Amino acid sequence: MNALNFLIVAVAATAFTGILFADANAYVLAMLALTAAVMYIKRKNINVLHIGGIVLITALLEYVIILLVPLRGDIPTVYWGTFIFGAQILICYITIRVLVLRTYLSRKYLIKYNSDKVGDVNLTHAEGILAGTYRIITIVMWLALAEYILRNLDQLGINNEISNLFQNWRFVYDNYEFAIYPLRAFVSGVVLSMLFVTKLDTERLEKKQPA
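In my numbering, the protein residues as written are 768 to 978.
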């Protein structure tokens, strides 16, 4: 990533981190709006459209999870929390897999619908960066889930002598926003960077390919 790319990502990530700490709902809505705007502006670039679509669907699913949080009802806290964390982890895993296979899936999709843009599909800077970021997010979520379960062992029928050992384990919980929010803001920065650098990056990759 060159200096221009890094600057774009850093500025956008900083801005979206501010939104995140103000309101998680505002972040997701801003993320959806940003991604949709980038996809519209770069609608003639099939790579941006497909990468943006992956991020957009991921953000939509995250928003659905946020909406589900207050609907716990009579479900025990430990089970509901495990479901929420587990759903987010699953979404991240699927997103990572799709990003890794993005060029293959894009070509398969375009061939299926007889599109003349198959030759325009190329690997960009975004797939690897986004997949790596979602991997880190997944690790943080796994740590948060493990800590959450340990902190609520009493709800799983574990005797108090053992469960009390972990009741005050809150390190990941207390620092979750500081870890997750900047990472998700970084995703926003990468999406924004596709406005400026995808074409240049693709051309550079093509020049490096053997004739």
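Think of the CB as a built atom: it goes at the ideal place given N, C-alpha and C, for glycine as much as any other residue.
From a predicted model like this one, the values you see are computed outputs, not experimental measurements.
Please report the residue range of the alpha helix (DSSP H) in which residue i lies.
i, result
"Ile-925", "Note, Ile-925: premise wrong, no alpha helix (DSSP H); not H, not E."
"Lys-879", "869-879"
"Asn-792", "791-808"
When burial is assigned at 16 or more other CB atoms within 10 Å of the CB, is residue i buried or exposed?
i, result
"Lys-809", "buried"
"Arg-869", "buried"
"Asn-814", "buried"
"Ile-842", "exposed"
"Tyr-871", "exposed"
"Ile-906", "exposed"
"Tyr-948", "buried"
"Asn-942", "exposed"
"Arg-918", "buried"
"Ile-929", "exposed"
"Thr-891", "buried"
"Ala-826", "buried"
"Ala-911", "buried"
"Ala-893", "buried"
Sorted by chain position, which residues of the same chain lie with C-beta nearer than 6 Å to residue i's C-beta, five sequence neighbours on each side aside?
i, result
"Leu-897", "Leu-866, Val-957"
"Ala-793", "Ile-786"
"Phe-783", "Ala-952, Ser-955"
Looking only at its chain, what residues have a beta carbon closer than 8 Å to the beta carbon of residue i, apart from the 5 residues adjacent to it on each side?
i, result
"Leu-959", "Ile-775, Val-776, Ala-779, Leu-801, Val-805"
"Phe-938", "Glu-914"
"Asp-887", "Asn-812, Ile-813, Asn-814"
"Tyr-880", "none"
"Ile-851", "Ile-832, Leu-835, Val-836"
Is residue i a contact residue of the ligand MN, with contact defined as CB to any heavy atom under 8 Å?
i, result
"Leu-834", "Looking for the ligand MN in the displayed structure turns up nothing, as the structure carries no ligands at all."
What does a CB cutoff of less than 7 Å around residue i pick up in its chain, not counting 5 residues either side in sequence?
i, result
"Leu-950", "Thr-900, Ile-903, Ile-904"
"Trp-884", "With the sequence shown as reference, residue 884 is identified as Lys, and Trp is not the correct amino acid for it. So the list reads Ile-813, Leu-877, once near-sequence residues are dropped."
"Trp-936", "Glu-914, Leu-917, Arg-918"
"Leu-972", "Since pLDDT at Leu-972 reaches only 48, below the 50 mark, its modelled position is unreliable, and no value is offered."
Ordered list of alpha helix (DSSP H) runs contained in the region 814-859, each at least 4 residues: As far as the region 814-859 is concerned, it has no whole alpha helix (DSSP H) run of at least 4 residues.
Any alpha helix (DSSP H) of 4 or more consecutive residues that is wholly inside the region 884-951: Counting only runs that start and end inside the region 884-951, the alpha helix (DSSP H) elements of at least 4 residues fall at 892-918, 927-930.
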